[in-house]
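A short write-up of the structure that comes next.
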Amino acid sequence: MNIKGKWSLITGASSGIGEQFARQLAKEGSHLVLVARTKSKLEALASELTRSHGVQCRVIPLDLSLEGAAGELYRQCQQLGLSIDLLVNNAGFATHGLFEEVSGERQHEEVMLNVTAVVDMTHLFLPGMLHRGAGAVINVSSTAGFQPLPYMAVYGATKAFVLSFTDALWWENRNRGVQFFALCPGSTETNFFNVVGTEDASVGGAKDSPERVVALTLRAMARGKQYVVPGLRNYLSAQITRFMTRRQSLRLVGGMLRPTQSKEDL
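All the letters of the sequence shown, read from the start, carry residue numbers 12 to 277 under the working numbering.
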């Protein structure tokens, strides 16, 4: 779709992949609705992009892990008179460790942000796109969505949900003018591991850059692709478990993600 002069809404826009979506879409001439919890970061980014590219930016600071937050965001867009043509559901975070030792409240927030917000946002903004006969939704999944993740059980499950959800809606809407697309990055140079609280969740190897991940995403969408896994190594790691038993896959991934203090027990 030609995004110039149209409105894109990006969640988790204050840093990392979300910030890069904002930068690259602004360069293409898209007006932006920037959503994240930190108002000061959003305002600084909005000011920069308006100066650099002449696009309009609206800043909506909001915690999408809260009940009803997606509805509040939709209402604010309606009040501003904005029709969203591209929705980027990027906001999300992970937890790491033995399931019972991770805060239950934190895991609940993880499900609310990674799953509930994605469903609610899509449900609210899709009808307008269908009414106009055009639009696109990018849902950020992960290579984590291709297999269960011991020690990151909730995160892996949420990203598997996002991938399945996006695939299903891609099929439902393939002839209705709205494109659905799943981005499945591997380790990327963002604050992901700072939020997780450990580098143990990394499977090693060089991390990809947010700039490259977003550029590949937009190119893949332009070619009509359904999803993308940036990087050959990430693509192979996402696919290899298809040729293994579920137990073999769990042993492989569990060995890589096992918390450091427990690795001597392997």
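Every residue, glycine too, gets a C-beta built ideally from N, C-alpha and C.
Check your understanding: Can you tell me whether DSSP reads Asn-13 as helix, strand or coil?
Key -> Residue mapping note: residue 13 aligns to position 2 of the sequence shown, counting from 1. Assignment of Asn-13 by DSSP, reduced to helix, strand and coil, places it in the coil class.
Review point. Which ranges would you report for the beta strand (DSSP E) in the segment 145–169 if only whole runs of at least 3 residues count?
Key: Fully enclosed beta strand (DSSP E) runs of 3 or longer: 146–151.
Point to revise | Ile-21 versus Ile-14, Met-123 and Ala-47, residue with shortest Cα-Cα distance | key: Translated into the one-based positions of the sequence shown, residue 21 becomes position 10. When only C-alpha atoms are compared, the closest one is Ala-47.
Review point. Under a three-way DSSP split, which group does His-134 fall into?
Key: Numbered from its first residue, the sequence shown carries residue 134 at position 123. The answer is helix: DSSP assigns His-134 an H, G or I state.
Check your understanding: Which word fits Ile-28, buried or exposed, when buried means at least 16 other C-beta atoms lie within 10 angstroms of its C-beta?
Key -> As a position in the sequence shown, residue 28 is number 17, starting the count at 1. Label assigned to Ile-28: buried.
**Study point:** Alpha-carbon spacing of Leu-97 relative to Thr-252, whole angstroms
**Key:** Translated into the one-based positions of the sequence shown, residue 97 becomes position 86. Translated into the one-based positions of the sequence shown, residue 252 becomes position 241. Answer to the nearest angstrom: the Cα atoms are 32 Å apart.
Point to revise | Straight-line gap, Gln-31 to Tyr-238 (C-alpha atoms, nearest Å) | key: The sequence position of residue 31 within the sequence shown is 20, counting from 1. The sequence position of residue 238 within the sequence shown is 227, counting from 1. Rounded to whole angstroms, the separation of the alpha carbons of Tyr-238 and Gln-31 is 18 Å.
Review point. Taking the C-alpha atoms as reference points, what is the distance between Glu-183 and Asn-150?
Key: By 1-based counting over the sequence shown, the position of residue 183 is 172. By 1-based counting over the sequence shown, the position of residue 150 is 139. If I take the Cα positions, the gap works out to 15 Å.
Check your understanding: For Lys-15, which option in Ala-33, Ser-26, Ser-41 and Arg-34 has the closest C-alpha, if you only look at C-alpha atoms?
Key -> Residue 15 sits at position 4 when you count from the first residue of the sequence shown. Ranking Ala-33, Ser-26, Ser-41 and Arg-34 by Cα distance to Lys-15 puts Ser-41 first.
Practice item. Would you identify the three-state DSSP class for Leu-141, choosing helix, strand or coil? Key: Against the sequence shown, residue 141 aligns to sequence position 130. When secondary structure is reduced to three states using DSSP, Leu-141 falls in the helix class.
Check your understanding: Quick one: does the C-beta of Gly-16 sit closer than 8 Å to a heavy atom of the ligand SAH?
Key -> In the structure on display, the ligand SAH does not appear, and there are no ligands present to speak of.
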